[in-house]
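Asks: Numbering (my numbering), first residue to last: -10 to 256.
A virtual CB, placed ideally from N, CA and C, is assigned to each residue, including glycine.
Predicted model only: the values in this text are computed from it and were never measured.
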Amino acid sequence: MNEHHAIAPTLSSQDIEPTGIPVQGGHISALTSESRSNVEKGYASLAIEVIGVTKEFDGGAVRALNGMDLRVERGEFIAIMGPSGCGKSTLLHLLAALDSPTSGTIRVEGQDLSHLPDPSRYRRQTIGLVFQLHNLLPRLSALANIEVAMMGSHRPHRERTVWARQLLSELDLADRERRHPPQLSGGERQRVAIARALANDPPVLLVDEPTGNLDSDASANVLALFARLQREYGVTTVMVTHDPAVAQAAGRILQMRDGRIGDPIGA
Ligand SMILES: Nc1ncnc2c1ncn2[C@@H]1O[C@H](COP(=O)(O)OP(=O)(O)OP(=O)(O)O)[C@@H](O)[C@H]1O
Ligand SMILES: [Mg+2]
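(1) Distance, Cα to Cα, A182 vs S205?
(2) Can you give, in chain order, each stretch of the beta strand (DSSP E) that sits fully within the segment 141 to 226 and has at least 3 residues?
(3) Buried or exposed for T94, please, with buried defined as at least 16 other CB atoms from any protein chain shown within 10 angstroms of its CB.
(4) With DSSP run on the structure shown, which of helix, strand or coil describes G117?
(5) Do A184 and L157 come within 8 angstroms of each other at the CB atom, strictly closer than that value?
(6) May I ask whether a heavy atom of ligand 1 can be found less than 7 angstroms away from the beta carbon of G223?
(7) When you compare each of R168, R96, R180 to F215 by their alpha carbons, which one comes out closest?
(8) Taking all protein chains shown into account, do 16 or more other C-beta atoms lie within 10 angstroms of the C-beta of H143, making it buried, or fewer, making it exposed?
(9) From which residue to which residue does the beta strand (DSSP E) around L59 run?
(10) Cβ of I116 within 8 angstroms of Cβ of L243?
(11) Could you spell out the range, first to last residue, of the alpha helix (DSSP H) harbouring T79?
(12) Can you say whether Q237 is buried or exposed, counting buried as having 16 or more other CB atoms within 10 angstroms of its CB?
(13) If we count the other Cβ atoms within 10 Å of its Cβ and call it buried at 16 or more, is E23 buried or exposed?
(14) I need the residues with a C-beta less than 5 angstroms from some heavy atom of ligand 1; please give them in chain order.
(15) Buried or exposed, going by whether 16 or more other CB atoms sit within 10 Å of the CB of L83?
(16) Could you please give the first and the last residue of the uninterrupted alpha helix (DSSP H) stretch that includes E136?
(17) Is the distance from the Cβ of S89 to the Cβ of S103 below 8 angstroms?
(18) Buried or exposed, going by whether 16 or more other CB atoms sit within 10 Å of the CB of A260?
(19) In terms of residue numbering, what span does the beta strand (DSSP E) encompassing A36 cover?
(20) Let me see if you follow: with CB-CB separation under 8 angstroms, is A50 close to chain D or not?
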């Protein structure tokens, strides 16, 4: 684990070629060819298919999801809204295969999550997840929190620091890379968590209240980044938010209530 503290020599943005990522004015013009090749693999046009999913806790005393159905096209950016406790985070956790449904079927990028041969590989390769509580590792720097997410990834070890720095820079955190999470503000932590979720060029991004701690400028930057990932790389994004103005950034807004999706509104 400790080798992730290794800090590469300082690099200018022109040096960020080893990943094959073209650099445009210091901004991400990546995700890499990896995610594009995922797009080209010709999975079914649905990125996400949730069919009749129920999730119970406490032996059935709590029904967090209740016959939930959801279909998300590949490359769609959707927002999910709904009252506290209606099951939004539970849905994201199931989509990330962090937990399994009590009944029903979930397919992501053509993979049936109840038959995953290697769930951690699925999480590493298919999903970028930004938790509602950021879950950064407090004893690692911002940079190392991103590098550690690349363990076992396709990206060669020597390129990981460069890529982690590029992500931090994209999220306006270049000068915070050595700080540990307790030394970062809530909004900075949130942006490190977003950078970490992008570390492995996931074709599917699941984000739970990504702008909850951000001021309006930082929030607009993050939303613009999601929109660009969708537009340029066909990333599918499911974003949970309480903020109607934030939801407007998505192409489709869904309302959840009592463990299932209602009718689309707006957009
Ligand atoms: N591990 C758990 N054990 C028991 N109950 C749980 C568990 N996780 C979630 N719940 C319950 O399931 C319901 C849905 O929770 P969930 O976290 O999905 O809500 P949410 O829509 O994300 O709410 P919020 O907007 O407040 O984040 C809630 O009633 C919650 O208390
Ligand atoms: Mg939640």
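Replies: According to the data block:
(1) Position 193 of the sequence shown, counting from 1, holds the residue named residue 182. Position 216 of the sequence shown, counting from 1, holds the residue named residue 205. Distance between the alpha carbons of A182 and S205: 18 angstroms.
(2) 193 to 197
(3) Reading the sequence shown from its first residue, position 105 is the one you call residue 94. Classification of T94: exposed, given that the 10 Å Cβ count is below 16.
(4) Counted from its first residue, the sequence shown places residue 117 at position 128. Note: G117 maps to strand in three-state DSSP.
(5) Counted from its first residue, the sequence shown places residue 157 at position 168. Counted from its first residue, the sequence shown places residue 184 at position 195. In this structure, A184 lies closer than 8 angstroms to L157 by Cβ.
(6) Residue 223 sits at position 234 when you count from the first residue of the sequence shown. No.
(7) As a first step, residue 215 must be located in the sequence shown, where it is residue number 226. Selected option, being the one with the closest Cα: R180.
(8) Taking the sequence shown and counting its residues from 1, the one referred to as residue 143 is at position 154. So H143 counts as exposed.
(9) On the sequence shown, position 70 is the one that residue 59 refers to. Where L59 is concerned, the enclosing beta strand (DSSP E) stretches over 51 to 62.
(10) Within the sequence shown, residue 116 is the residue found at index 127, counting from 1. Within the sequence shown, residue 243 is the residue found at index 254, counting from 1. Taking 8 angstroms as the Cβ cut-off, I116 and L243 do not qualify as a contacting pair.
(11) Taking the sequence shown and counting its residues from 1, one reaches residue 79 at position 90. Its alpha helix (DSSP H) spans residues 77 to 84.
(12) Translated into the one-based positions of the sequence shown, residue 237 becomes position 248. Classification of Q237: exposed, given that the 10 Å Cβ count is below 16.
(13) By 1-based counting over the sequence shown, the position of residue 23 is 34. Any answer about E23 is weak, because its pLDDT of 42 lies below 50 and its placement is not dependable; what the coordinates show is given next. With 16 or more Cβ atoms within 10 Å of its Cβ, E23 is classed as buried.
(14) F46, V51, A53, S73, G74, C75, G76, K77, S78, T79
(15) As a position in the sequence shown, residue 83 is number 94, starting the count at 1. By the 10 Å Cβ count, L83 comes out buried.
(16) Here residue 136 refers to the residue found at position 147 of the sequence shown. Where E136 is concerned, the enclosing alpha helix (DSSP H) stretches over 131 to 138.
(17) On the sequence shown, residue 89 is found 100 positions in, with the first residue counted as 1. On the sequence shown, residue 103 is found 114 positions in, with the first residue counted as 1. Yes, the Cβ-Cβ distance between S89 and S103 is below 8 angstroms.
(18) With the chain represented from -10 up to 256, any question about residue 260 goes unanswered, as that position is not in the structure.
(19) Numbered from its first residue, the sequence shown carries residue 36 at position 47. 35 to 46 is the extent of the beta strand (DSSP E) around A36.
(20) This model lacks chain D altogether; it includes just one protein chain.
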